[in-house]
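In order, the protein sequence lines correspond to chains A and B.
Residue 122, in my numbering, is where the first sequence stops; the numbers in between run on with no holes.
Residue 462, in my numbering, is where the second sequence stops; the numbers in between run on with no holes.
Note that CB positions come from ideal geometry on N, CA and C, so glycine has one too.
Since this is a predicted model, take the numbers as computed values, not measurements.
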Amino acid sequence: MGKRVLLIEDEPNIIEAIRFILSRDGWSVVTHADGSTALEAIRTQAPDVIILDAMLPNRSGFEILQDIRARAETQDIPVMMLTARGQQKDRDMAERYGANRFMTKPFSNAEVLDVMRELAPI
Amino acid sequence: MIRQRSAESCKVIFTQLQKHNGFIALTMSRNALTGTRIRDQRQRLGVKQADLARRAGISASYLNLIEHNRRRIGGKLVLDLSRALGVEPSVLTEGAETALLAALQEAAADRPQARAEVDDVEDFAGRFPGWAALLMEQSARVAELQRNVEGLTDRLTHDPFLSTALHEVLSTVTAIRSSAAILADTKDIDPEWQARFLRNIRDDAHRLGHGAEALVRHLDQSEGASSAPGTPQEEFERMLEGVSYHLADLERALPVSPKALANAQPQLNSAPARQLAEAHFERYASDAAKLPLADFERALRGCAFDPARVAAAFGVPLGTVLRRWASLPAQGGARPGLVVCDGSGAITFRKPTDGFALPRFGAICPLWPLFRALTQPTVPLREVVELGERAPQRFLAYAVCEPSHPEGFDGPQVFEATMLILPEGHVPFPPGQKHPIGTGCRICPRTACAARREPSLLSEGM
Numbered sequence: 001m002g003k004r005v006l007l008i009e010d011e012p013n014i015i016e017a018i019r020f021i022l023s024r025d026g027w028s029v030v031t032h033a034d035g036s037t038a039l040e041a042i043r044t045q046a047p048d049v050i051i052l053d054a055m056l057p058n059r060s061g062f063e064i065l066q067d068i069r070a071r072a073e074t075q076d077i078p079v080m081m082l083t084a085r086g087q088q089k090d091r092d093m094a095e096r097y098g099a100n101r102f103m104t105k106p107f108s109n110a111e112v113l114d115v116m117r118e119l120a121p122i
Numbered sequence: 001m002i003r004q005r006s007a008e009s010c011k012v013i014f015t016q017l018q019k020h021n022g023f024i025a026l027t028m029s030r031n032a033l034t035g036t037r038i039r040d041q042r043q044r045l046g047v048k049q050a051d052l053a054r055r056a057g058i059s060a061s062y063l064n065l066i067e068h069n070r071r072r073i074g075g076k077l078v079l080d081l082s083r084a085l086g087v088e089p090s091v092l093t094e095g096a097e098t099a100l101l102a103a104l105q106e107a108a109a110d111r112p113q114a115r116a117e118v119d120d121v122e123d124f125a126g127r128f129p130g131w132a133a134l135l136m137e138q139s140a141r142v143a144e145l146q147r148n149v150e151g152l153t154d155r156l157t158h159d160p161f162l163s164t165a166l167h168e169v170l171s172t173v174t175a176i177r178s179s180a181a182i183l184a185d186t187k188d189i190d191p192e193w194q195a196r197f198l199r200n201i202r203d204d205a206h207r208l209g210h211g212a213e214a215l216v217r218h219l220d221q222s223e224g225a226s227s228a229p230g231t232p233q234e235e236f237e238r239m240l241e242g243v244s245y246h247l248a249d250l251e252r253a254l255p256v257s258p259k260a261l262a263n264a265q266p267q268l269n270s271a272p273a274r275q276l277a278e279a280h281f282e283r284y285a286s287d288a289a290k291l292p293l294a295d296f297e298r299a300l301r302g303c304a305f306d307p308a309r310v311a312a313a314f315g316v317p318l319g320t321v322l323r324r325w326a327s328l329p330a331q332g333g334a335r336p337g338l339v340v341c342d343g344s345g346a347i348t349f350r351k352p353t354d355g356f357a358l359p360r361f362g363a364i365c366p367l368w369p370l371f372r373a374l375t376q377p378t379v380p381l382r383e384v385v386e387l388g389e390r391a392p393q394r395f396l397a398y399a400v401c402e403p404s405h406p407e408g409f410d411g412p413q414v415f416e417a418t419m420l421i422l423p424e425g426h427v428p429f430p431p432g433q434k435h436p437i438g439t440g441c442r443i444c445p446r447t448a449c450a451a452r453r454e455p456s457l458l459s460e461g462m
């Protein structure tokens with residue numbers, strides 16, 4: 001069983017594509033689409049890496065990231081933020097709240113794979 | 001001695017302010033600013049700052065700023081505070097001297113790094129009344145400009161629909177790009193997965209189309225009547241939109257003066273907007289004098305709607321006829337559009353027409369006849385153009401670039417291009433080829449365009 005990644009994203013076809021490419025790369029992929037229950041999902045899944053979309057239903061990815069870093073049991077999990085807005089202030093916010101990487105949509109599959117391998121070497 | 005002179009000078013500027021700003025000058029001590037008086041009254045009554053703030057409906061921190069003369073107040077808040085303190089409003093406020101001193105103190109508080117000598121503010125106002133009044137005016141102007149900039153920035157970054165729509169479009173593009181890359185790069189893909197990704201791409205392509213159309217609709221509507229204008233150009237355009245670009249006051253035999261008409265427009269709140277309007281009205285009045293409305297309409301019909309023949313009949317430049325045509329009163333149905341640019345291609349005037357987006361700035365499609373006219377000054381161009389790929393619309397465009405020499409032989413030659421845009425159904429279209437054009441490369445889906453200068457957001461990665 002490969003390393004476990006929790007993909008928190010609400011766009012079904014992005015989920016499907018990322019799940020496919022990561023699974024073929026040996027990752028165990030779990031997905032979650034709702035911002036308000038994302039922390040609960042992180043607690044129960046205990047992933048090795050989190051891919052976190054910035055704009056989620058009910059709660060923003062930035063808020064979730066703040067909570068991830070504030071809690072002892074999750075604060076060390078590497079997080080890659082995804083956002084459709086490449087503005088500098090979003091990058092600054094992601095960095096300030098403790099994201100390990102920041103990726104702007106649209107991204108390439110190869111970029112996602114490279115970053116994931118870097119965040120949690122298999 | 002200096003004190004005495006200061007007091008006299010103060011009286012002079014307070015009288016000036018009274019005249020210019022309508023302030024009510026009362027004779028009270030200059031030392032007692034409004035905030036200080038509020039604090040004194042509150043302490044005299046033994047009321048806590050937080051309690052008074054609550055009674056007046058403001059935060060304690062804001063009241064604290066007021067009491068330390070860091071924020072100027074007036075109107076309803078003065079009434080609320082005087083009611084909460086049980087005193088007459090005039091006890092808390094008095095005339096122009098307080099307004100001036102408070103404005104100077106606020107300006108100093110906003111820029112502490114300037115190290116203004118706050119303790120000497122009354123002496124400064126007294127010895128240099130003109131400078132003090134100028135500083136107050138400039139400070140108010142800076143505040144107004146800051147509010148304008150904030151408003152514009154806010155519109156760009158906090159439009160919830162725009163933000164959501166862009167997110168939707170970019171997410172869909174991401175899904176398409178990832179799915180397409182999987183299909184292209186995975187040699188041994190299972191047929192079931194292959195079918196699934198193909199289906200996803202098809203669904204996302206539909207979604208992308210709808211998202212892009214909704215975005216364009218929203219941007220079109222944003223330029224309509226919903227939001228408050230943020231720039232002089234927007235104020236001016238909103239005003240013209242309100243009268244459908246037809247100015248009946250300038251069509252009369254004895255028209256009103258352009259300046260008076262500009263000053264009479266209630267929608268034009270800023271001086272630059274009134275200047276823009278006045279310049280436009282002057283040109284409008286000049287065009288209307290050369291081409292009186294009834295004569296012009298008759299000539300258009302008589303010349304089979306050929307603007308070059310109308311120009312010859314009246315002995316005026318073609319550009320005048322194109323502008324005049326666009327200013328005719330609305331008669332239902334699709335209305336003609338007009339766009340004017342200077343020699344650099346910068347848009348200086350635009351009257352929109354449905355289906356033909358006219359960006360105010362930025363890189364516009366170089367295939368517009370307007371820009372081709374710039375390369376062939378004085379040569380009239382006529383072209384049927386087609387916009388859009390999903391639901392293409394045709395327009396008949398007339399364009400011409402005309403040089404002028406406002407400073408004579410020794411001055412520069414100034415170029416201006418004008419393009420009239422007639423929607424289908426407005427006049428019969430000539431037979432012949434139609435020319436595909438776009439709004440601008442970034443949002444144009446025509447990937448195989450010979451004039452493309454940058455990739456399209458709608459096609460890259462698909």
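| Check | Outcome |
| --- | --- |
| Verify the CB distance criterion: does Ser171(B) have a CB-CB separation below 8 Å to chain A? | yes |
| Which complete beta strand (DSSP E) runs does the stretch 275-310 of chain B hold, if anything under 3 residues is left out? | none |
| Thinking C-alpha only, which one of Arg335(B), Leu85(B), Tyr398(B) is nearest Leu318(B)? | Tyr398(B) |
| How big is the Cα-Cα spacing for Ala271(B) and Met116(A)? | 57 Å |
| Tell me, please, whether the stretch 306-314 of chain B touches the stretch 334-341 of chain B by the rule of three or more beta-carbon pairs shorter than 8 Å. | no |
| DSSP three-state call for Glu8(B): helix, strand or coil? | With a pLDDT of 47 at Glu8(B), under the threshold of 50, the predicted position of this residue should be treated as unreliable, though the coordinate-derived value follows. Helix at Glu8(B). |
| Assess, as a yes-or-no matter, whether the stretch 192-207 of chain B is touched by the stretch 45-59 of chain A under the definition of 3 or more beta carbon pairs within less than 8 Å. | no |
| Less than 7 Å between C-beta atoms, sequence neighbours within five positions excluded: which residues of the same chain meet that for Cys449(B)? | none |
| Buried or exposed for Glu184(A), going by 16 or more other Cβ atoms inside 10 Å? | Outside the shown range of chain A (1 to 122) lies residue 184(A), about which nothing can therefore be said. |
| Please list, in chain order, the chain B residues whose beta carbon lies closer than 9 Å to that of Ala108(A). | The sequence as given places Ser at residue 108(A); Ala does not occur at that position. In chain order: Arg177, Ser178, Ala181, Gly461. |
| Using a Cβ-Cβ cut-off of 8 Å (strictly less than) and excluding sequence neighbours within five positions of Ala84(A), which residues of its own chain qualify? | Ala54, Met55, Thr104, Lys105 |
| Ignore the nearest five residues each way along the sequence and tell me which others in Cys444(B)'s own chain have a CB closer than 6 Å to its CB. | Gly438, Ser456 |
| Compare the C-beta of His167(B) against all C-beta atoms of chain A and say whether one is closer than 8 Å. | yes |
| Reducing DSSP to helix, strand and coil, say where Gln88(A) ends up. | helix |
| Do Ala63(B) and Ala53(B) have their C-beta atoms within less than 8 Å of each other? | As written in the sequence, residue 63(B) is Leu, which differs from the Ala given in the question. Result yes, Cβ atoms of Leu63(B) and Ala53(B) sit closer than 8 Å. |
| At a Cβ threshold of 8 Å, is Glu11(A) touching chain B? | yes |
| For the beta strand (DSSP E) holding Leu7(A), just list the boundary residues, first then last. | 4-8 |
| Which residues, in chain order, does the stretch 366-392 of chain B contribute to contact with chain A at a C-beta distance below 8 Å? | none |
| What do you get for Glu383(B), buried or exposed, if any count of 16 or more other CB atoms within 10 angstroms of its CB means buried? | buried |
| Can you confirm whether the stretch 6-13 of chain A touches the stretch 171-182 of chain B when touching is taken to mean that 3 or more C-beta pairs between the two stretches lie within less than 8 Å? | yes |
| Arg72(B) to Glu88(B), Cα distance in whole Å? | 18 Å |
| Counting only Cβ pairs nearer than 9 Å, list the residues of chain B close to Ile18(A). | Ser178 |
| Using CA coordinates, which residue listed in Ala326(B), Arg372(B), Ala195(B) is at the minimum distance from Thr353(B)? | Ala326(B) |
| Should Gly75(B) go down as buried or exposed, given a rule of 16 or more other Cβ atoms within 10 Å for buried? | exposed |
| Out of curiosity, what's the CA-to-CA distance linking Met136(B) and Ala109(B)? | 13 Å |
| Counting Cβ pairs closer than 8 Å, one from the stretch 421-441 of chain B and one from the stretch 365-385 of chain B, do we hit at least three? | yes |
| Just by C-beta distance, which residues in the stretch 39-60 of chain A are closer than 7 Å to chain B? | Met55 |
| Go to Gly337(B), then tell me how far its beta strand (DSSP E) extends in each direction, as first and last residue. | 337-342 |
| Once DSSP output is grouped into helix, strand and coil, what is the label at Thr44(A)? | helix |
| Would you mind working out which of Thr31(A), Glu63(A), Ala41(A), Arg4(A) sits nearest Glu95(A), comparing C-alpha positions? | Glu63(A) |
| Between which two residues does the beta strand (DSSP E) harbouring Ile51(A) extend? | 49-53 |
| Which two residues bound the contiguous beta strand (DSSP E) that contains Tyr398(B)? | 393-404 |
| Is it true that the CB of Phe429(B) sits closer than 8 Å to the CB of Leu396(B)? | yes |
| Closer than 7 Å by C-beta to Ala308(B): which residues in its own chain qualify, once you throw out the five before and the five after it? Chain order, please. | Leu318, Pro380 |
| Excluding the 5 residues flanking His280(B) on each side, which residues of the same chain have their C-beta closer than 6 Å to its C-beta? | none |
| When you compare only the Cα positions, how much space is there between Arg442(B) and Ile68(A)? | 38 Å |
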